Structure formats: C-alpha cells, structure tokens
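Below is one structure, written out as structure tokens; comments come after it.
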Amino acid sequence: MRRRFEIVVSLKDGLLDPEGKTIQDSLPTMGWTAISNVRVGKHIELTVDAETEDEATTLVRDMAERFLSNPVIEDFRILKTEEVR
Amino acid sequence: MRRRFEIVVSLKDGLLDPEGKTIQDSLPTMGWTAISNVRVGKHIELTVDAETEDEATTLVRDMAERFLSNPVIEDFRILKTEEVR
Amino acid sequence: MIDKPVHRELGLTDEEYEAIESRLGRRPNRAELAMYAAMWSEHCSYKSSKVHLRSLPTQGSRVLVGPGENAGAVDVGEGIACVFKIESHSHPSAIEPFQGAATGVGGIVRDILSVGARPIALLDPLRFGPLDQAHNRWLMGGVVAGIGQYGNSIGVPTVGGEVKFATCHTSNPTVNVLCLGFAPRDRLIQAKAAGIGNLFVLVGAHTGRDGIGGVSVLASRTLDESSHESRPSVQIGDPFYEKLLIEACMEMIDAGLLVGLQDLGGAGLTCAVSESAARASTGADIDLDEVQLRDRTMEDFEILTSESQERMLAIVTPEDLPSVEAICERWGLTSAVIGRVTADGQVRARLGGDVVAEVPARSLADEGPEYSRPMQPPAYLDDIHDDDPTYSELLMDVGEAFRQVLGSPNVASKRWVFEQYDSLVQGNTIAGPGASAAVLRIEGSLRAVAVSTDGNGRYGYLDPFLGGGHAVAEAARNVACTGARPVAVTNCLNFGTPERPEVMWSFAEAVRGMARACEALDTPVTGGNVSFYNETEDSAIYPTVVVGVIGILEDYRLMLRPSFAAGHVVYLLGETFPELGGSEYAEVVLGKVSGRPPGLDLERELALHRLIADGARMDVLASAQDCSDGGLAVALAEAAILGETGFAVTVPGDLPPHVALFSESASRAVVSIAPERVESFEALAREHRVSFARLGETGGPRIVFDDLFETTVAEARDVYEGSIPGFLSARREAG
Amino acid sequence: MKPRVAVVTFPGSNDDRDALRAVRLFGGEAIPVWHGESDLHGAEAVLLPGGFSYGDYLRTGAIARFAPVMDAVRDHAASGRPVLGVCNGFQILCEAGLLPGALIRNRNLAFICRRVNVRVETSRTPFTSGIEVGEVLEVPIKHGEGQFVAGPETLARIGDEGLVVFRYCSPRGEITEDANPNGSTENIAGLRNEHGNVVGLMPHPEHAVDPDVGPVGGQPLFESLLSSVLATASS
Ligand SMILES: Nc1ncnc2c1ncn2[C@@H]1O[C@H](COP(=O)(O)OP(=O)(O)O)[C@@H](O)[C@H]1O
Ligand SMILES: [Mg+2]
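Chains as they are written, first to last, in the working numbering: chain A, 1 to 85; chain B, 86 to 170; chain C, 171 to 905; chain D, 906 to 1140.
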C-alpha cells in the first residue's frame, strides 16, 4: 500500500523566525498592511510503501522526529495523508 | 474579522527539486528505504484583517502570486483558512 | 489564426529551413529539426556576430587556447595555464533572478572544467535599473543571492565584478559571470570526441524537461509579454551536485582518464555531441535509451535538446571506463555510457532501437548560417554629441557635487553585494572585492594572477567604438594598478536586437574599438560571449561591452593596493582634459547622458601600465588607484576611504575646478609615494614619458581640496558606504 | 612525533583543503578522511571543516551527521580527545547532539563574508589552552546560517557550565549588538561541550593563519591544539 504524506516543519513558537519577520517587515512597503504574524516553515511531501496505514504513519513520525525536524528548534505536524497508486 | 491562512509554495511539477532529491537519495543510508517522491516546499502562515472572508482570500491570493511565489517556477495553494481572534 | 510552419515556431527562417533540407538532401524529421533549431540559434551559432568577431586579435606568445574552445587559456608561468571565460545569463535572470543567475554561475564553471582546469575564482559584472524602483531591488537582491548561493556552495570564491545602474536595464538587467581556472599547462584537455570506438559517458544529473527550446526561446528572442510562455524554460540549479561534478571531473583529469571533456549547456546533448565530434572530425552513435531521465515520458527531441544543468559529457576509452565509473560512484554521481565515437562524421541518435535522427556533426556545429546584417548609425547620435556637458556651468557648490557623485550607486561601495559572496575559500585570495582588481595566488609560488572586469554602458551609447576601447583600457588599467602586467582578454557583448541596423552598427563599432585596444595593449582575446536581444518593445540596453582582463604578477609581495597610508606624497599620472561627456558627474549632477566619451590614446595607456608595473617592481610606489567613474575626485576619495587616511591636495592645471575634479579622461591613475622614493619615481615617470603632477600629501582624518572644499574621511565613508544599503535596507521586495 | 589531525571531507565540504593546509603549516600531520570511512586513522584530533555538506539541504548538517564517519567522531569525542567543528562542522556537531543549541539563518537572511572580532571566553579547551581569556582574535566569517539559538534551559546550562568559548565583539573586546553579525543569542560565536574537548565555532580559524591572504587570529587556535595534543601524548 502506498500513502502520500504532507508534513510541516516549523520553528518552535518561542524562537524568532527570521524569514517570517523579513516578509512581515517588507509587506507594508508593498502596500499590504493588513497582514500580521507571518511564520515560514518547510512543507515536505513524500510517498511511503507500507503494509498498513498505521505502519506508514509510525515510520513517517519516526523520520520526522529524528531527521526531518530538529527537536531543539523545530516542531512538526503531519498535515494530511492519503492513499495513492 | 481576522483570518489565519496556511499557504504552500512549491516548485512547478517537472522542475528539478534539488532539496527533495538530495533528501530522498540520503534516506536509504539512514535505514529508511520505503520512501519515494520527496518534494520540499515553503509553508507560510499569516493572519489577515479584512471585512469578509472573500476579501481576505483575494488579498492572500494576490500576495501569494506577486510576492510569496514566482509564477515562473513556483505554484502556490491555500491549504487552509480559519477565523481567529 | 493559422499556425506557422513548425520550423518558424522553432525560430528558424524559411531560408534556414531550406538550407537544412539541401544539406540533408531530404526533409528533416522533428528531432532533427529541433537539433538544427537549437544549434543554429543566435545563442549557439553566433550567426549575426561571427563576421565581426573574426577581426579580434587572438594571437599571442602566451595564448595556449584561443576562441572556439569552451574557454581560453594563457600561460601564466610556473607551468600553470590560466583558463578563463565570461558568459551572459541575462534573459533567465530577468524573469527569475535567483535561479537565472545561479544557473549562470553553474554554466560558466562547467566551461572552465571542460578544459581541464579547477575553477578558482568568479567575477560578476551586473547591470540593473535604478534602485528607487522595487522591481529593480527585487532583481538585484535575487541575482546577488543566486550568484552567492551557487558560488558559495561549490567552493569557488567570488572575488570581483561590477554593479552599475541605468534606466535602460529596468526591463533588461545584464547578468554576466566570469570564471577563472588554473591547470598544469601540460594537462589541459580538449573537448574532442577522438578515437573511433571510444565511449561517450554522460556524467552528472538526470535529464529532465529543462529549457526545452530554452536556447532559442529564452536567449534568441526578445523578452516581451510572450516571455510568460517561455517560463518553464528557467531551470533550477543544484550547486551541491555541481560541486560533486567538479571534484569527480578533477579526479578523472588528474588520473588522465579522459580523452575529452565537454560541458552540456545551450542545446544540451545535441551541442555537446556534435561539437565534440566535429572538432575531431568524427561522428557519434548515441543511444537515447541509455540517458538517465527524470521523466520517463520524454520524447526523442526533448532528450536531445534538454538543457538540464550539472551534466558533463566525457569521452573515455573502453579500458578506462571502469575507473571513470568508480570515481562517479564514489562521488555519488550517476554516469551512463550513451554512445560511441564513429568514423562517418554523422550524429546518429537511436531510441527504442530505431534511428530517430541522423545528421552530419559538422552541419550542426560548424555550418550554421552566417549573416552580414545591415548596419546604420543610430539617428540619436548627432544631437546627443552636440549637447556636451563639459561646458554647462556648475550650479551648486563643488563640495555638494562631490558628495552626489561619490554617493551615486554606480560609484558607491558595492559592499552590500560582495559581502554576500565567499571571497576567501580555496585560500589564495591575495586581493578580493574592494581592490582595483582581484589577485589570486598560484599556490606554492610567489606568482599571482590579477583579474578585473569593466565596461561603461554610457560610453557605448555615446560612441560604441570608444565604448569598446575604454572597456579594454579600463579593465587593463585596473589590473595594472596592482602592479601586474595585463596579458589577455575575454569579453561579453551585451546588445539589443541584431535585426535592427542601429544595433548591428553599434555592435560592429564596439568590436572594432575593442580590437584596436587589444592590439595596442598586446592583450589578445582568448574568448567571450555575445548576448543579443537585450531589448523589449519600449527599451533597449546601452551597447554594453564588458571586458575581463587578466594580468601576471611575478611576486605578489610587491602587489600594489589602492589605499592611502599616512605620510606619503600624492601624484596624478596622465593628463586631464575637459572631458565630461558621458561622465558620472554629467548624469548625476546635470542629469545628462550626452556629449562624447573621453578620447583614448592607447600609447599613453600602455605607457601608464608599464610605468606602474616598473614602479611596483622597483618598489617606488606605495599605492595605485585608477581614475575611472567620477574622475580624480572619486579616485582620491576611494584611496582615502580604503586606507582610512585623509589627504590635502591642490588640483593642478587651469581647468575649471569641477572639470578638473570630475573629468573622466582616460589613461590616468592616482599614486602615493614615500617621500624618500619621490626622486626615483619622477625619474622613472620621465623615462616612461608619462606626465605627472604632484597633488599633495596623505595623512590625518581630513580630505582637503585646497581652497575648493573639505570634508572628513569619516563623512566621505558614510556617503560611499551608505548609498546602496540606504536604498535596500535588507528588504526583499517583489516587482 | 608529529601531532596527527584528521580532516573529514563530506560531500559538499569546501574548506577541507584549507584546514589540511593550516594543520601542516603548524607542524601537524594532516590526515584527509572520507565521510564514508569508519575510523580516523589513529588521529589524535579531528576537524570537521566548513562548506555546504549535502548542499545545506533540509538543515545545515542534518544529512552529514548520519555519515558513517560520525560514529568514529562520536567515539573520539566520548574518549575526551579534541574535536573541532568550523562553520558547517559546527552545524554538524550541533545536529549530532555533540554540542548544545542550533544554528539558523542569519538575522538578515543574507550570506555574510566579513572579518569579525571574537573574544575568547575560556582557556579550558584544547583549542584555546594557549590563549588568555578576554583576548580578541580577528577572524573571517562566511556563512548564511550562523545565528546561534537555543531554548531557555539550554541557554541557562550553557551559562552555568561556562560553555561559551567565543563571542562576537568590537575590536576592543566589548560585546555589543553592532559587533553581532548574524543575530546570535548573547553574541555566541563558538561553544564547547561539558568536558571542553569538543568545540564548534562559526568563524574560520583556518582562513586566519596566513598573513598574505587574511588576518591571523586563527594562529593561536592551531598552536594551542597542536601543543595540547603533544602534551597529552607525552604525558
Ligand atoms: N558584483 C560584484 N561582485 C563582487 N565584487 C564587486 C561587484 N561589484 C563591484 N565589486 C568590487 O567592488 C570594487 C569596486 O568596483 P568598481 O567600482 O567597478 O571597481 P573599479 O572602478 O576599480 O573598476 C571592485 O573591487 C569590484 O571587484
Ligand atoms: Mg579601479
């Protein structure tokens, strides 16, 4: 069974996000004033081969925790997953 | 009314995604074999002040197309939006 | 609407199509047509420029490889060949600045690699529209970040370049990149598919639908609204993979495993195979099924013309194949044997067993069309020549004019740009960004190579002949001001639409001017690049000649820097004439780009270079700084700011002060000399017949132009360093 | 006997040659080690050089820390012998958990190549043993992701245990915001582990040893390393 996962990795809330801040700061000069709280993270898509959905999800969680994110500074969440061919 | 948006900006299909490719190639040596088709994009969250949901969405679309992405090489999609306080 | 015949869709004229038919004695199939379209495009065939480029001097005792190869090479001593070439990537950069510029770096680096040299330095001459427009800030930010990301990641230092601004570059930025490489002179290799039965090995990235027809669409047609269609033709660079490619190729070259090496650039596999075969008068049997694809559904013509980055074509003997494959394996690169060298001079491509294309290698590589396009001087020239800014009076305090010129983005410090580049990696950067020219040490020796790029678009606009000459003279002068002897030239000719007689005339004039200067200065042209169609319906760029000059420094311990130190005597070398035509002063203070550029006396120019070289060798000079944009005033200010040392000078001669200060008369330099060396210096200058004027002394925190005006080094630095950051304040903005 | 210093080359390492050159310049035996190898050829010290291992993709050092050679580096560190990470090497050591905290994109999002001054905060590492605390060294930085960050607890521990080795400072040694090129927390430019044998820093000492091509603030680091290696070897 093959499943497609979408994972978001973003800096922990406590940490200042330099990219988000820079975008935020430049918006007004471009005429976008009503925007606040910009945060930028990584969006990672991948396909997993596994017996069951649980197995696939466990594998992705493990990978996200140990490799795709750095727990010292980042959190991750699995946005969505669906079966694919 | 304030709305939170989640936007994904990713390379157009068919274009090389060096980051996705390099991650993918390195997975087997780390013991993750069953993974394919890794793509990496940007995940952007922001809050918009607007009268209506439509107004907010139009504003975000416009900004995503003209500033957050470059249509020459990237596509964007609005993942989700919800009202916030 | 009825659609055009497919050859016109591909950018081929009816005449060109007929030429193909008669060459083949039949109608070309689609794959063959795509191959010809790519190879006969302006970008690959130089069909409009060839006739003119032939007049450039290319001979010289030091020249090891001249034009025609992937990059030129000169003997710089110590058994070392210096390989160098410059290339344009302006069109992709105009629509995707980051990736457009990044892939430009990747491409020129592979040119150097294909001659067998390790890339050791990059320079990036850039031209943008005025920084008060967000679009131009977006372009510059993206281009600089892209060059930085690619160059920094592959471990090649970016040690110099230029950034200039003019309204004509708003829709057409100019992005040129020069790469320098070193190789043992007896280890240079050629891009030749020699030896019947030898193998074509495609090394590096998988082949995808990148820049299909990119060459003809992106580089050979004017960017207009329809450039939206050409969008997918912009490619994504992978500097990491390029770094692996460099190291793997260097290992193969060092082990002597390569018969030949050819980069894949414009026209992809078609160009690499046909050119390497044509050079060796051989042919090639290519099996497209062996090409590793990113997308299995690619068709024959796509595989043949794909411009996927980070690929090299190695020509290898069957015996050496295992060693080559082992090296690729070790560096994690894919490699595939995609064909063999044949005797019959044909490029034959197979897919699924069938022959999908069969054409003579020469017909693609050497027998492309060649045009002597109509030429005509632009109408604007007469009026603009009559309006000579030299004689319009200065309506402000000369000190204020000084601040305006020094703070003009063309003149002001480019620190915001070059601090984004690793200029130190490889550990041989004796002088980097900020010097008159960059100086790179030949490791393990006292020898070094100096390199500078220069070009003045305004001069080219007002007089393309002088524009071409000045570009050579100024770049050589920058090199000479380090104490080095200029020895060779590469060039990038950035112009509008060659079908327009005015553009073609300017082009021919610029080449003529360049040729004249190269002959007089004994700096042969070893290569270059032509970028046409830098034009959109509303605006064409100035005729922009960008010249890269390299020079030799026998002992880098005697290298000169531009910066002042306290207690020295300041001299101006060369003569100042009333020449404000096309000057920075005229544009910034009077808002005029008019008149005629300064004259250029190549005898004087050469004498100046020889004097500075001797002065450096005999150690009579403490510093040297060329006078260019902004004239004497700016040269003195830069030397003071760089050395954090002030000066007090009297402006010599009887010209009006603002003319003496801002005239851009050529063949001049500001030097400083230790008091005890003054006599020997003056004797040397007389010997070289270079006129000189004693201006004053260095020292202290103040900048004093006798009774004209005065300021402090600190104030001048704030103007000079603050200008460009003031426009940008580190913001990324969209256009 | 010549002190033996291993320099690891990862795919994408750029300053490995410079590091090897610097080790030789100070009389050490420089041993190139490939990332795929599983031992350090009996070297007394190991240096992880600068560059862009794996293109800095995903996160700087995120992929490199899984390289086979890193087990050997871990053992080397665990046995108390010297490990130095420069720039990308520092990032790899943080990713590998051998040093606390992490390095994210510079505050201004731009790559920065510039000479900076750093103040030495401790002599209790093999790389600073010959340097007075408070001494100011001029060294170049060249990185896009050198902003040091860490969670509150970690920062507290770094403070309590005195793990800061270098801070960005003015030429006169003041720790000021102006002197902080990339926004690093508390101007932190370099760190050590609890035992002091593992050190990482963003500036490039290997590019600050030859007066012909730059400043010389890196010299005392290599002098300290080589003499402390000799000392431990002969004791
Ligand atoms: N795009 C750039 N990249 C790197 N260095 C640059 C760039 N633009 C300018 N520089 C450096 O800034 C210094 C001043 O540039 P420029 O004014 O063109 O020099 P010059 O007037 O001596 O030709 C030179 O050392 C040049 O190499
Ligand atoms: Mg100069």
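Here a beta-carbon is modelled for each residue, glycine too, at the ideal position from N, C-alpha and C.
Fair warning: this is a prediction, and the values are worked out from it, not measured in the lab.
Item, Value
"If the criterion is Cβ atoms closer than 7 Å, does the pair PHE734/C and ALA809/C meet it?", "yes"
"Skipping 5 residues on each side, what residues in its chain have a beta carbon closer than 7 Å to that of GLY947/D?", "ARG909"
"Which of helix, strand or coil does DSSP assign to ALA1007/D?", "strand"
"Which bits of chain B does GLU266/C rub up against, with CB to CB less than 8 Å?", "ASN155, VAL157 and ILE158"
"Show which residues of chain D have a CB atom less than 9 Å away from the CB atom of GLN590/C.", "ALA1015, PHE1016, ILE1017, CYS1018 and GLY1049"
"By alpha-carbon positions, which one of GLY769/C, VAL883/C and GLU849/C ends up nearest to GLY813/C?", "VAL883/C"
"For the alpha helix (DSSP H) holding SER231/C, just list the boundary residues, first then last.", "From DSSP, SER231/C is part of no alpha helix (DSSP H); its letter is neither H nor E."
"Indicate whether ALA251/C and LEU234/C have their beta-carbon atoms separated by less than 7 Å.", "yes"
"Determine which residues of the region 1097-1109 of chain D have a Cβ less than 7 Å from any Cβ of chain A, and write them out in chain order.", "none"
"What residues in its chain sit with their C-beta under 6 Å from that of ALA924/D, if we drop five residues either side in the sequence?", "VAL912, LEU952, PRO954 and GLU1111"
"Is there at least one Cβ from chain C nearer than 7 Å to VAL1118/D's Cβ?", "yes"
"Find the nearest neighbour of VAL125/B within the set THR143/B, TRP117/B, SER95/B and ARG151/B, judged by alpha-carbon distance.", "SER95/B"
"Less than 7 Å between CB atoms is the rule here; does ASN919/D satisfy it with respect to chain C?", "yes"
"Using a Cβ-Cβ cut-off of less than 8 Å, give me the residues of the region 98-121 of chain B that come near chain C, in sequence order.", "GLY99, LEU100, LEU101, ASP102, PRO103, LYS106, THR107 and ASP110"
"Taking a Cβ distance cut-off of 8 Å, strictly less, list which residues of the region 780-813 of chain C are near chain D, in chain order.", "none"
"Examine the Cβ distances between the region 826-846 of chain C and the region 891-898 of chain C and report whether three or more of them are shorter than 8 Å.", "no"
"Going along the region 971-988 of chain D in order, which residues come within less than 9 Å of chain A, judged by CB to CB distance?", "PHE971"
"Rounding to the nearest angstrom, what Cα-Cα distance links CYS662/C and SER676/C in this structure?", "14 Å"
"Spell out whether any CB of chain B is found under 7 Å from the CB atom of ILE406/C.", "yes"
"Is it the case that the Cβ atoms of PHE702/C and GLU212/C are separated by a distance below 7 Å?", "yes"
"Straight-line CA distance for LEU79/A to ARG162/B?", "14 Å"
"Scan the region 933-1021 of chain D and note each continuous beta strand (DSSP E) run of 3 residues or more that stays entirely inside, going in chain order.", "934-939, 950-953, 988-991 and 1007-1009"
"Closer than 7 Å by C-beta to GLY430/C: which residues in its own chain qualify, once you throw out the five before and the five after it? Chain order, please.", "ILE359, GLN360, ALA361, LYS362, ALA363, ALA364, SER446 and ILE485"
"Would you grab the beta carbon distance between GLY274/C and GLU257/C for me? Rounded to a whole angstrom, and I think it's under 8 Å.", "7 Å"
"Taking 8 Å as the threshold, find out whether the region 1035-1054 of chain D comes into contact with the region 1075-1094 of chain D through three or more Cβ pairs.", "yes"
"Near GLY721/C, what residues of its chain come up, given a Cβ to Cβ distance below 8 Å and the 5 sequence neighbours on each side ignored?", "ALA607, VAL619, ALA620, VAL621, ALA646, VAL649, ALA650, THR652, ALA654, ARG655, PRO656 and VAL657"
"Tell me whether the beta-carbon of ASN346/C lies closer than 7 Å to the beta-carbon of PRO295/C.", "yes"
"Checking contacts by CB at 7 Å: is ARG964/D closer than that to chain A?", "yes"
"From the DSSP output, in three-state form, read off ASN122/B for me.", "strand"
"Excluding sequence positions up to five away, which residues of its chain have a Cβ less than 7 Å from the Cβ of MET420/C?", "ARG288"
"Just to check my reading of the structure: ARG543/C and SER218/C have Cβ atoms closer than 8 Å, yes? What is that Cβ distance to the nearest angstrom?", "5 Å"
"Given that ILE1009/D touches chain B, what residues does it touch there, using C-beta distances under 7 Å?", "Per Cβ cutoff of 7 Å: no residues; ILE1009/D is ~15 Å from chain B at best."
"Could one say the Cβ of LYS165/B lies closer than 7 Å to chain C's Cβ atoms, at least one of them?", "no"
"Under the rule that 16 or more other beta-carbon atoms within 10 Å means buried, what is TYR550/C, buried or exposed?", "exposed"
"TYR959/D CB to nearest chain B CB: under 7 Å?", "yes"
"Counting only C-beta atoms, is ARG39/A closer than 7 Å to chain B at any point?", "yes"
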